[in-house]
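All remarks here apply to the structure that follows.
Chains as they are written, first to last, in the UniProt record's numbering: chain A, 1 to 310; chain B, 1 to 310.
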């Protein structure tokens, strides 16, 4: 174990913001003279890999238990311990840079904690670079703008703020990319599901929620062609039914989000399927409904479903 | 209830940093065009009143249950809910500005959270003024430098950082005060205990800690003349013994901290008094010991006592 080295990492099941924020913040800390290393807690997705390849940056190395590797850590893009590394309770958390709610987090001593209610961690990192008066390289700008595009779905998500848009425009200039052109290519790279198994579709981004007396699972995938999923609709529904029965879900919903039209198709299973009708004022036909203009699980799917089931 | 007004406040049993930080941050937010009001959760101490009078600033009004007054709040100088206002669970926390550990704190949504491991909240507020490019008035500078003097005991506490010292020097210029002269007068105003009852001595700044299998209470008072306390030593010890028996403390220690010599006299009660010998390598004589150079409960008293009792 290197006693001095500080590990910088984002959440488990890493997305583009989590991977790039670890790389970028570690780079800034190194420029400030600190001994840090970016690491990751899970596999790199196709969208993230596209961004890393485009800007010729290597992925951080994979770490499972951080307490076996370091005594001090910096968290980016998360703070809740259940989303963090194994061993997180045994190390000292020096800093957190995040844009989520704060929950299930505590420290023994004071720390540097910078959270802002913006759409993306990269937007805060962009601000930190300016505050420290450090120039942003083309590579780091490219990774940050990729994170903003990813978290905001090219500014279409209701989680996106004016600060995110301005940061992305500024960074796109430094990175030398056309925002719409690069952004769409990157999102497409992560939205090609033609080679994905049904099991992967239902697990790649799935979260459980308590709604009223029910446990509800909401999974989400991005697509450029919904046929990648709908061609296998019966297999997907069968797998959802089985998982619903095995886990006692009141409802299991899969949102297939079209990144071009910014609509989502919802596939559903479970005894509480009618909640979809109440929540979105749409009719389910063969366990399927279209939700026009819906792209954000956090802001547009979970709240109305929670109301309908409570 | 005013639905728009956002309340800004520090912790219960308010000290100078908590009261002045609420006033100063509310002032900065108003300059930024926001509808906020500073309030307080408890009585103003003599030291804080000295600073308010000197710079001719009114104390914030007293509030007991914040959820009856507002829907949205900003916390300064604390985050732990047990130190915060009654009703804190029912309101939305928009922001936190703090320099303590994070614990027993959570929100439903993202927020602005700015914590830094410095000696005083005012040091962070000083930085926020600069980041927003706003000029600091003489009054606000005076309140901020008073908070730094108070939390750092005129830079003598080991919690004081170089950032705190630099901020204080900058602010003293704007406030038009001589740091040492004003600082000592302000500390003396809070350290005159000649009119204080024994009960007040033991409650004005007392905290409970779990140490090994024992519950330990550590109270602290600042003095310019230890005789204010020691002239009543037997009464103080009797009251400590009674409280120790009533609450089952393993140890009750009162630190009488001389703000001129920066030494503390410790008075003790309880079955675990010998821990003082182990912790500080001093001999107790008639439940009294001198701890040379000890001024910080957090950094110099609690850790060695915890080790001795664990």
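Yeah, the Cβ is synthetic: ideal placement off N, Cα and C, and Gly gets one too.
Neighbour flag for residue i against chain A, beta carbons, 8 Å
i	result
residue 208(B)	no
residue 97(B)	no
residue 155(B)	no
residue 111(B)	yes
residue 102(B)	yes
residue 117(B)	yes
residue 105(B)	yes
residue 297(B)	no
residue 61(B)	no
Where residue i falls: helix, strand or coil (DSSP)
i	result
residue 35(B)	coil
residue 237(A)	helix
residue 114(B)	strand
residue 261(B)	coil
residue 101(B)	coil
residue 232(B)	coil
residue 95(B)	strand
residue 247(B)	helix
residue 256(B)	strand
residue 20(B)	helix
residue 184(B)	helix
residue 203(A)	helix
residue 226(B)	coil
residue 135(A)	coil
residue 59(A)	coil
residue 284(B)	coil
residue 41(B)	coil
Limits of the unbroken alpha helix (DSSP H) element including residue i
i	result
residue 211(A)	Residue 211(A) -> not in any alpha helix (DSSP H); beta strand (DSSP E) instead, spanning 206 to 211.
residue 127(B)	121 to 131
residue 280(A)	274 to 280
residue 145(A)	138 to 152
residue 308(A)	302 to 309
residue 163(A)	162 to 175
Residue i CB to nearest heavy atom of the ligand FAD below 7 Å
i	result
residue 259(B)	What this structure holds is no ligand at all, so the ligand FAD is not there to describe.
Min CB distance residue i to chain B below 8 Å
i	result
residue 239(A)	no
residue 40(A)	no
residue 285(A)	no
residue 232(A)	no
residue 131(A)	yes
residue 108(A)	yes
Extent of the continuous beta strand (DSSP E) to which residue i belongs
i	result
residue 74(A)	72 to 76
residue 377(B)	No answer is possible for residue 377(B): it lies beyond the span of chain B, which begins at 1 and ends at 310.
residue 215(B)	214 to 223
residue 46(B)	Taken as a continuous stretch (DSSP letters only), residue 46(B) belongs to no beta strand (DSSP E), being part of the alpha helix (DSSP H) at 46 to 54.
residue 85(A)	Here residue 85(A) belongs to no beta strand (DSSP E), and DSSP marks it neither H nor E.
residue 288(B)	288 to 291
residue 8(B)	6 to 9
Beta-carbon proximity check, residue i vs residue j, cutoff 8 Å
i	j	result
residue 143(B)	residue 8(B)	no
residue 212(B)	residue 262(B)	no
residue 245(B)	residue 266(B)	no
residue 201(B)	residue 236(B)	yes
residue 110(B)	residue 158(A)	no
residue 75(A)	residue 67(A)	no
residue 219(A)	residue 254(A)	yes
residue 189(B)	residue 222(B)	no
residue 173(B)	residue 138(B)	no
residue 70(B)	residue 91(B)	yes
residue 257(B)	residue 198(B)	no
residue 150(B)	residue 15(B)	yes
residue 6(B)	residue 94(B)	yes
residue 20(B)	residue 51(B)	yes
residue 64(B)	residue 98(B)	no
residue 305(A)	residue 264(A)	no
Give a yes or no on contact between the segment 148 to 168 of chain B and the segment 116 to 125 of chain B, applying the rule of three or more CB pairs nearer than 8 Å. Contact holds between the segment 148 to 168 of chain B and the segment 116 to 125 of chain B, because three or more Cβ pairs, one in each stretch, are under 8 Å apart.
When you compare the segment 176 to 191 of chain A with the segment 268 to 284 of chain A, are there three or more beta-carbon pairs, one atom per stretch, that lie closer than 8 Å? no
Looking at C-beta atoms only, is the number of pairs between the segment 59 to 67 of chain A and the segment 24 to 44 of chain A that lie closer than 8 Å three or more? yes
When the Cβ atoms of the segment 99 to 112 of chain B are set against those of the segment 75 to 83 of chain B, are three or more pairs found closer than 8 Å? yes
How about the segment 26 to 41 of chain B and the segment 247 to 262 of chain A: do they share at least three Cβ pairs that are nearer than 8 Å? no
The segment 130 to 148 of chain A touching the segment 141 to 156 of chain B, judged by at least three CB pairs closer than 8 Å: no
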